[in-house]
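**Q** When we follow our numbering, the leftmost residue of the sequence shown carries the number 1, and every step to the right adds one.
Sharing a structure below in structure tokens format, with a few things to ask.
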Amino acid sequence: MKRINEPAGDTGFPVYQCRLPVSRRTNEYCTDLLSRHLKKIGSRWRALPPGRIVIIVLAVLRHDQRIADMAGGNAVGDTTVRRWRDELISLLAARAPRLDRACKKIAKRGGEVVLIDGTLIPTVRRTGAANRPNYSGKHRRHGLHFLALTDENGRRIWISAVRPGPTHDITAARRDHILTHLRAAGLGALADLGFFGLTDDSDDPVIVTGYKATRARKLTPGEKQANRVLAAARAPVEHGFAHLKTWRILTKLRTDPARATDLLRALLVLSNLKLSR
Numbered sequence: 001m002k003r004i005n006e007p008a009g010d011t012g013f014p015v016y017q018c019r020l021p022v023s024r025r026t027n028e029y030c031t032d033l034l035s036r037h038l039k040k041i042g043s044r045w046r047a048l049p050p051g052r053i054v055i056i057v058l059a060v061l062r063h064d065q066r067i068a069d070m071a072g073g074n075a076v077g078d079t080t081v082r083r084w085r086d087e088l089i090s091l092l093a094a095r096a097p098r099l100d101r102a103c104k105k106i107a108k109r110g111g112e113v114v115l116i117d118g119t120l121i122p123t124v125r126r127t128g129a130a131n132r133p134n135y136s137g138k139h140r141r142h143g144l145h146f147l148a149l150t151d152e153n154g155r156r157i158w159i160s161a162v163r164p165g166p167t168h169d170i171t172a173a174r175r176d177h178i179l180t181h182l183r184a185a186g187l188g189a190l191a192d193l194g195f196f197g198l199t200d201d202s203d204d205p206v207i208v209t210g211y212k213a214t215r216a217r218k219l220t221p222g223e224k225q226a227n228r229v230l231a232a233a234r235a236p237v238e239h240g241f242a243h244l245k246t247w248r249i250l251t252k253l254r255t256d257p258a259r260a261t262d263l264l265r266a267l268l269v270l271s272n273l274k275l276s277r
């Protein structure tokens, strides 16, 4: 008896089309970036042209499409799509601004204040020894923490390295030497109470965090009003985070946490492409 492992004739998988909400400029920028990279490394052949590769990777990032689905729909292997994704992410992340240069650019444009905040990216629950390190008790979920700086209008100018979920905002800011870079550029920053105590000079604070109530001392009406004014001024940084998270791959990150920093910085470059002229 001959065993046949091929599927029956009518069991093929249907392929569908969907709209990718990415600007033409973004697509052309990524295609040109990838084409120049392939020419530089002397890659003479790929299963698909650079333009198709870019569309596949952007679909994975924007819609969080499953790699297996994108691979099957384009007649390539899962490993191939995963390699394309990591390659384009690395190329984009290399063009993300450094903290010192981002601060100097804002100061050169005449800016005096930046907005800083931290947030958590949800991740899948990991198994074994890697289970607990990323669990955030504050958010009651597994995730990765990062900081972001924006200008007064909420335009994202820098993203920090990704750290485990329990990392506190002030701890991450100290590790990234935020105060040193802001002071060197002559900038101030507005932040929430998560950064309370970061400023090392109370007479000339670099980071303004508002007033914090304690069990022994309640806030005065003037201090409450000052906190409301500060919160209104900080609103654009929240909008900046919300816009970044429209990339659905951040809905629940399934990639290796070691690659998350490059992913976020790549999304920063992509998000800012349509804002620049």
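Ideal Cβ placement from N, Cα and C applies to all residues, glycine included.
Everything numeric in this text was worked out from a predicted model, so none of it was measured.
Considering only the alpha carbon of each residue, which of T214, A107, P50 and I41 lies closest to D151?
**A** Nearest option by C-alpha distance: A107.
**Q** Touching or not, the region 220-230 and the region 117-126, by the rule of three or more beta carbon pairs under 8 Å?
**A** Taking 8 Å as the limit for Cβ pairs, the verdict is that the region 117-126 does not touch the region 220-230.
**Q** Based on the DSSP secondary-structure assignment, which residues constitute the bridge partners of W247?
**A** Answer is none; W247 lacks a bridge partner.
**Q** With distances taken between CB atoms, is the gap from G154 to H37 smaller than 8 Å?
**A** No, these two residues do not count as a Cβ contact at 8 Å.
**Q** Buried or exposed: which applies to Q65, given that a residue is buried once 16 or more other Cβ atoms fall within 10 Å of its Cβ?
**A** Classification for Q65: buried.
**Q** Around the C-beta of G137, are 16 or more other C-beta atoms found within 10 angstroms, so that it is buried, or is it exposed?
**A** Per the 10 Å Cβ criterion, exposed.
**Q** Which of helix, strand or coil does DSSP assign to Y16?
**A** If DSSP states are grouped into helix, strand and coil, Y16 belongs with coil.
**Q** Whole angstroms is fine: what's the gap from D262's alpha carbon to A71's?
**A** Computed Cα separation, rounded: 22 Å.
**Q** Go to T150, then tell me how far its beta strand (DSSP E) extends in each direction, as first and last residue.
**A** Counting along the chain, the beta strand (DSSP E) containing T150 begins and ends at R141 to T150.
**Q** Looking only at its chain, what residues have a beta carbon closer than 6 Å to the beta carbon of L268, apart from the 5 residues adjacent to it on each side?
**A** A96, R156 and I159.
**Q** Excluding sequence positions up to five away, which residues of its chain have a Cβ less than 6 Å from the Cβ of A260?
**A** L144 and V162, listed in sequence order.
**Q** Name the residue from R141, R174 and N131 whose alpha carbon lies nearest to the alpha carbon of L147.
**A** Out of R141, R174 and N131, R174 has the C-alpha closest to the C-alpha of L147.
**Q** Whole angstroms are fine: how far does the CA of R24 sit from the CA of G51?
**A** G51 and R24: Cα-Cα distance of roughly 11 Å.
**Q** Assuming L33 contacts A59 (C-beta within less than 8 Å), just tell me the rounded distance between them.
**A** So it is not a contact: roughly 17 Å between Cβ atoms.
**Q** How is A158 classed by DSSP in three states: helix, strand or coil?
**A** Just to set this straight, residue 158 is Trp in the shown sequence, not Ala. W158: strand per DSSP, three-state reduction.
**Q** Please report the Cβ distance between L62 and V22, rounded to the nearest whole angstrom; I am assuming they are in contact, meaning their Cβ atoms lie under 8 Å.
**A** Note that residue 62 is Arg in the sequence shown here, rather than Leu. With a Cβ gap of about 6 Å, R62 and V22 count as contacting.
**Q** Just to confirm before moving on: does the CB-CB distance between G118 and A172 stay below 8 Å?
**A** Against a cut-off of 8 Å, the Cβ pair of A172 and G118 comes out as a contact.
**Q** Can you name, in chain order, every residue of its own chain whose Cβ lies under 7 Å from the Cβ of L190, other than the five neighbours on each side?
**A** Answer for L190: V113, L115, V208, L230, A233 and R234, listed in chain order.
**Q** Near R132, what residues of its chain come up, given a Cβ to Cβ distance below 6 Å and the 5 sequence neighbours on each side ignored?
**A** Result list for R132: empty, nothing under 6 Å.
**Q** Apart from the five residues on each side of it in sequence, which residues of its chain come closer than 7 Å, Cβ to Cβ, to S90?
**A** Excluding sequence neighbours, S90 sits near D262.
**Q** Have a look at R82 and I67 and give me their C-alpha separation to the nearest angstrom.
**A** Their Cα atoms are separated by approximately 7 Å.
**Q** Using beta-carbon positions only, say whether V206 and L244 come within less than 8 Å of one another.
**A** Their beta carbons are not under 8 Å apart, which means V206 does not touch L244 by this criterion.
**Q** If we call anything under 8 Å between Cβ atoms a contact, is R265 one with A93?
**A** Cβ atoms of R265 and A93: closer than 8 Å.
**Q** Which of the three DSSP states is assigned to L270 in this structure?
**A** In this structure, L270 counts as helix in the three-state DSSP scheme.
**Q** Does R277 come out as helix, strand or coil in the three-state DSSP assignment?
**A** Because the pLDDT at R277 is just 43, under 50, the model does not fix this residue reliably, and the point stays unresolved.
**Q** For L193 versus K218, is the C-beta distance shorter than 8 Å?
**A** No, they are not a contact pair.
**Q** Would DSSP call G110 helix, strand or coil?
**A** Note: G110 maps to coil in three-state DSSP.
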